[in-house]
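J.: In terms of my numbering, the sequence shown is residues 7 to 233.
Note that the Cβ used here is the ideal one computed from N, Cα and C, for glycine as well.
Small disclaimer: the values here were computed from a predicted structure and weren't measured.
Pasting a structure below so you can have a look.
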Amino acid sequence: MVVGLRPGPWPSRPEMIAQTLHLTLLRHGRSRADDEGVHEGRYDSPLTEVGRVQAQALAEYWRTHPPGFDLAFCSTLARAHETARIITDMLGVPLRPDDLWREWDNGPLAGLPRDEALHRFPLPAFRHDLDPFTIDGGESQAAIRARALLALERVWQTGVTNVLLVSHGGFLNSVLRELTGAGRGWFAFGDTGFATVELSRTSHTAVLTAVNLTPHLSIPVAAADTD
């Protein structure tokens with residue numbers, strides 16, 4: 007079992023690497039864009055006061071029910087970064103902000119009211135995975151999948167046992183699809199909802215053990231579309 011972090015990407019002796027990597031995938035708290043009713047994606051919307059309270063409640067829950075995180079990664083977008091900082095500061099967990107954990111690049115949809123976005127960029131009858139997010143730009147699904155795998159590879163290569171990943175509903179879905187082979191399935195993530203995955207280091211096995219957990223909230227929060 008690994009104790010702490012080492013300067014290199016792997017522990018020096020393979021036998022020190024735990025057989026299972028425990029992942030907790032957490033969506034950020036409520037953001038200003040949620041209240042504004044606009045597309046979020048790469049729109050860098052901060053947490054609302056409600057979102058901060060949600061993050062603080064989860065931090066307190068985990069303080070009294072320690073999950074044993076060795077390390078946390080987070081998106082560099084404000085809503086996820088602040089959520090992660092609130093939690094890791096209380097738990098004393100090292101935090102690594104990483105652009106790979108940012109939300110899908112939704113191109114010109116970022117920050118647009120949903121009605122306006124639907125009018126200006128109507129959903130196509132078919133969009134290939136190699137097509138950009140909109141006709142005017144954004145990430146393709148192929149690029150998002152590649153980014154999800156690279157993000158997971160960075161986590162894998164730390165050699166630690168238990169990792170918190172703070173990101174966004176859309177990108178966390180992309181990560182779960184890559185881990186589980188769920189294709190186009192959709193996994194719910196409400197504000198500060200989290201999923202847990204057990205990833206074997208000795209076989210091609212990933213077990214999704216829970217989705218959209220919110221034990222820290224007195225009133226469960228409905229899942230958001232993405233963001």
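Apart from the five residues on each side of it in sequence, which residues of its chain come closer than 7 angstroms, Cβ to Cβ, to A123?
T.: Mapped onto the sequence shown, residue 123 falls at position 117. Within the same chain, A123 has close Cβ partners H45 and L115.
J.: Looking at C-beta atoms only, is the number of pairs between the stretch 42–59 and the stretch 203–210 that lie closer than 8 angstroms three or more?
T.: no
J.: Between Q62 and S224, what straight-line distance do the alpha-carbon atoms span, to the nearest angstrom?
T.: Sequence index remark: in the sequence shown, residue 62 carries index 56 (1-based). Sequence index remark: in the sequence shown, residue 224 carries index 218 (1-based). When rounded, the distance between both Cα atoms is 13 angstroms.
J.: For the beta strand (DSSP E) that contains F79, what are its first and last residues?
T.: Within the sequence shown, numbered from 1, the residue matching residue 79 stands at position 73. Taken as a continuous stretch (DSSP letters only), the beta strand (DSSP E) holding F79 covers L77 to C80.
J.: With respect to the alpha helix (DSSP H) encompassing A177, which residues constitute its N-terminal and C-terminal limits?
T.: As a first step, residue 177 is located in the sequence shown; it is residue number 171 there, counting from the start. Here residue 177 turns out to be Phe, not Ala, going by the sequence shown. Note, F177: alpha helix (DSSP H), G175 to T186.
J.: Bridge partners for S37 per DSSP, in chain order?
T.: By one-based count along the sequence shown, residue 37 stands at place 31. According to DSSP, which records beta bridges pairwise, S37 is partnered with L53.
J.: Distance check for L53 and Q163, CA to CA, integer angstroms please.
T.: Translated into the one-based positions of the sequence shown, residue 163 becomes position 157. Translated into the one-based positions of the sequence shown, residue 53 becomes position 47. One C-alpha to the other measures close to 31 angstroms.
J.: Give the straight-line distance between the Cα atoms of R153 and G176, rounded to the nearest whole angstrom.
T.: Within the sequence shown, the letter at position 147 stands for residue 153. Within the sequence shown, the letter at position 170 stands for residue 176. One C-alpha to the other measures close to 13 angstroms.
J.: Hey, out of D50, H87, G57 and M96, whose CA is closest to H71's CA?
T.: Reading the sequence shown from its first residue, position 65 is the one you call residue 71. The shortest C-alpha separation from H71 is found at M96.
J.: Is the separation between the beta-carbon of V56 and that of R36 shorter than 7 angstroms?
T.: The count along the sequence shown starts at 1 and reaches residue 56 at position 50. The count along the sequence shown starts at 1 and reaches residue 36 at position 30. Yes, the pair counts as a contact, with Cβ atoms nearer than the cut-off.
J.: Enumerate in chain order the residues of its own chain whose CB-to-CB distance from P138 is below 6 angstroms, with the five nearest sequence positions on each side excluded.
T.: Within the sequence shown, numbered from 1, the residue matching residue 138 stands at position 132. Excluding positions up to five away in sequence, the list reads G144 and S146.
J.: Output yes or no for whether 7 angstroms exceeds the beta carbon distance between D76 and N168.
T.: Reading the sequence shown from its first residue, position 70 is the one you call residue 76. Reading the sequence shown from its first residue, position 162 is the one you call residue 168. In this structure, D76 sits near N168, with a CB-CB distance shorter than 7 angstroms.
J.: Check this for me: beta carbons of W107 and S173, under 7 angstroms apart or not?
T.: For this step, residue 107 is matched to residue 101 along the sequence shown. For this step, residue 173 is matched to residue 167 along the sequence shown. Cβ distance < 7 angstroms, so W107 and S173 count as in contact.
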